[in-house]
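K.L.:
Below you will find the structure I want to go over with you.
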Amino acid sequence: MIRTICCIGAGYVGGPTMAVIADRCPNIQVTVVDLNQARIDAWNDPDLSKLPVYEPGLDVVVGRCRGRNLHFTTAVEAAIASADMVFLSVNTPTKTKGVGAGQASDLRWIEASARQVAACAQGHTIVVEKSTLPVRTAETVKVILSAAQGEVAGAGAPKTFAVLSNPEFLAEGTAIPDLENPDRVLIGGEDPASIEALASVYGHWVPQQRILRTNLWSSELSKLTANAFLAQRISSINSIAALCEATGADVQEVAHAIGADSRIGAKFLKAGPGFGGSCFQKDILNLVYLCGHYGLHDVAGYWQSVVELNSWQQHRIARLVVQRLFGTVTGKRIAVLGFAFKADTNDTREAPAIRICHDLLEEGAHLAIYDPKVPESQISSDLSSGEGSWQSVDSPAEAVAQADAVLILTEWSSFAELNWQQLAALMRKPAWLFDARSIADLVEARAAGLNVWCVGCGF
Ligand code: UDX
Ligand code: UDX
0 MIRTICCIGA GYVGGPTMAV IADRCPNIQV TVVDLNQARI DAWNDPDLSK LPVYEPGLDV
60 VVGRCRGRNL HFTTAVEAAI ASADMVFLSV NTPTKTKGVG AGQASDLRWI EASARQVAAC
120 AQGHTIVVEK STLPVRTAET VKVILSAAQG EVAGAGAPKT FAVLSNPEFL AEGTAIPDLE
180 NPDRVLIGGE DPASIEALAS VYGHWVPQQR ILRTNLWSSE LSKLTANAFL AQRISSINSI
240 AALCEATGAD VQEVAHAIGA DSRIGAKFLK AGPGFGGSCF QKDILNLVYL CGHYGLHDVA
300 GYWQSVVELN SWQQHRIARL VVQRLFGTVT GKRIAVLGFA FKADTNDTRE APAIRICHDL
360 LEEGAHLAIY DPKVPESQIS SDLSSGEGSW QSVDSPAEAV AQADAVLILT EWSSFAELNW
420 QQLAALMRKP AWLFDARSIA DLVEARAAGL NVWCVGCGF
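The letter at position 118 of the sequence shown is residue 117 when you use numbering that gives the first Met the number 0, and the numbering goes up by one with no holes.
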């Protein structure tokens, strides 16, 4: 029976996942550790609005369990030593240098965490890969752990280990409902007792038929495949959006029509500025790298094209803004509404806004950026100035003041309620609305005298 859990990595995945486990399993002590003191301090902040991750409902869950059976600390070694089960939830970004640069995952933090577990664990420890990893990473983790197998640390029992893969399927912005009511939980492993130990943790709130058990490699590959399929749908609909704009079709109508076919399904068919987030691009590049490694070059090329189409869509939107503004944005003020990669998160990793803003800055634009949750310091670390310049502002009205154009890049629900009569009056004429998320009230925007472009809308 699992009584103590340690999670290494207090990020977007580790924090919310452990909060929900602690909430649903009051008999298990859950400790989340991280090297980053500032991040841990933020998780411990008495003011729950200051948690380092913004997720609707997370503050309530953390408020219920923190100090009871949910703890955040930098005391990594002690937490590992007392844990029956250790989750590895550290970041695995795409390598920027060396072998596999631009495609392969950088596994240095997974390896470092595995070494820490090997050094500090006592007795039997089940190690769970939570981070998305290339297929066969568990092999590396196992080799590192087995080097310490049988050692005795302090007064503890001899060390033994089992490795499981338990990939995360939560989406940011809906992490809490995704964790509380998952479509499925996937557990890959070799040791049936360890698999059942983890299944019994989830069994506190997830029906058994939704807990899938596979071998390690199927579990690792399923995570990459799920993200690749989801991303592929977005690239597919974005490719059709461009064709809609050229032909007079409306991508929302097309998406609705094809999504009504139960074989296709209605979800993940929203055209937009391309996918962002920490996972999709990284995971597909990882898949591409793996295929190449196994000599499957045509398969690699197939998946690579999903990423290429995504970049193309982002550059296309920036180009289109420049073209509509008479071929130049040099010195022009453009209001950018939304910087997060999707609504209801403060996360900007791989946000479409970064690439689109970058292109516009290269063209010499002045960007006035408003996002309800992304602070100026984050925008500053994501953008360099290029030819143009940018500023972070506190409201849509401030952003559009004297702007030639307004560009919506994140689907924050508040943007659906913007009063275009009022906003248009503040802009320099002729003025444009570019709605890359099809969220604005376009009828009202046109009535307010704005020229309007909406993704995938061919009128
Ligand atoms: C990460 C990965 O990006 C993703 O691939 C995986 O599926 C889940 O884990 P996320 O939680 O969003 O996702 O990452 P991040 O917010 O960067 O958090 C990772 C945390 O691990 C950071 O706070 C970092 O300080 C911490 N960390 C990293 C450690 O505590 N120890 C380390 O050795 C390395
Ligand atoms: C994704 C997966 O959904 C999740 O299962 C996995 O664990 C992590 O990666 P996340 O990246 O947090 O989650 O968000 P998601 O909702 O999948 O959105 C990813 C990107 O796709 C966002 O930029 C979003 O705006 C975009 N998107 C999504 C579209 O452009 N159109 C859609 O129809 C859906």
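The beta carbon of each residue, even a glycine, is placed where N, CA and C say it ideally should be.
Treat the numbers as computed from the prediction; the structure is a model and nothing was measured.
For my contact list, residue 407 and residue 438 are in at a C-beta cut-off of 8 Å; report their separation, rounded to the angstrom.
P.N.:
That belief holds up - the Cβ atoms of residue 407 and residue 438 are roughly 6 Å apart, short of 8 Å.
K.L.:
For residue 64, which residues from the same chain have a beta carbon less than 6 Å from its beta carbon, with the 5 sequence-adjacent residues on both sides left out?
P.N.:
21 and 22
K.L.:
Beta carbon of residue 57: closer than 7 Å to some heavy atom of ligand 1?
P.N.:
For residue 57, the shortest separation between its Cβ and any heavy atom of ligand 1 does not lie below 7 Å.
K.L.:
Tell me whether residue 126, by its Cβ, gets closer than 7 Å to a heavy atom of ligand 3.
P.N.:
Annotation note on ligand 3: not contained in the displayed structure, which lists ligand 1 and ligand 2 as its ligands.
K.L.:
Taking the alpha-carbon positions, what's the residue 426 to residue 212 distance?
P.N.:
57 Å
K.L.:
Rounding to the nearest angstrom, what Cα-Cα distance links residue 423 and residue 105 in this structure?
P.N.:
47 Å
K.L.:
Between residue 376 and residue 27, what straight-line distance do the alpha-carbon atoms span, to the nearest angstrom?
P.N.:
37 Å
K.L.:
Please list, in chain order, all residues of the same chain as residue 155 whose beta carbon is under 6 Å from its beta carbon, the five residues on each side excluded.
P.N.:
For residue 155, the CB contacts under 6 Å within the same chain, skipping 5 residues up- and downstream, are 121 and 122 in chain order.
K.L.:
In chain order, what residues of the same chain lie with their CB nearer than 7 Å to the CB of residue 185, ignoring the 5 residues before and after it?
P.N.:
165, 166, 211, 213, 218 and 221
K.L.:
Within the present structure, is the beta-carbon of residue 170 separated from the nearest heavy atom of ligand 2 by less than 7 Å?
P.N.:
yes
K.L.:
Going by other Cβ atoms of all chains shown within 10 Å of its Cβ, with 16 needed for buried, is residue 103 buried or exposed?
P.N.:
buried
K.L.:
What residue from 227, 399 and 359 has the CA that sits closest to residue 382's CA?
P.N.:
359
K.L.:
Beta carbon of residue 179, beta carbon of residue 344: below 8 Å?
P.N.:
The answer is no: Cβ separation not under 8 Å.
K.L.:
Is any non-hydrogen atom of ligand 1 found closer than 7 Å to the C-beta of residue 7, if you look at the structure I gave you?
P.N.:
yes
K.L.:
Starting from residue 282, follow the alpha helix (DSSP H) in both directions and report where the run begins and ends.
P.N.:
279-292
K.L.:
Three Cβ pairs or more, each shorter than 8 Å: is that satisfied between the stretch 50-59 and the stretch 127-146?
P.N.:
no
K.L.:
Around the Cβ of residue 297, are there at least 16 other Cβ atoms within 10 angstroms (buried) or fewer (exposed)?
P.N.:
exposed
K.L.:
How is residue 369 classed by DSSP in three states: helix, strand or coil?
P.N.:
Here residue 369 sits in strand by DSSP.
K.L.:
Quick check: the Cα distance between residue 421 and residue 396, rounded to an integer number of angstroms?
P.N.:
8 Å
K.L.:
Spell out the partners DSSP gives residue 216 in its beta bridges.
P.N.:
According to DSSP, which records beta bridges pairwise, residue 216 is partnered with nothing at all.
K.L.:
So, with DSSP's three-state summary, where would you put residue 1?
P.N.:
coil
K.L.:
For residue 255, which residues of its own chain have a beta-carbon under 8 Å away from its beta-carbon, when the five flanking residues on both sides are left out?
P.N.:
Within the same chain, Cβ atoms closer than 8 Å to the Cβ of residue 255 are found at 265, the five residues on either side in sequence being excluded.
K.L.:
Sorted by chain position, which residues of the same chain lie with C-beta nearer than 6 Å to residue 81's C-beta, five sequence neighbours on each side aside?
P.N.:
3
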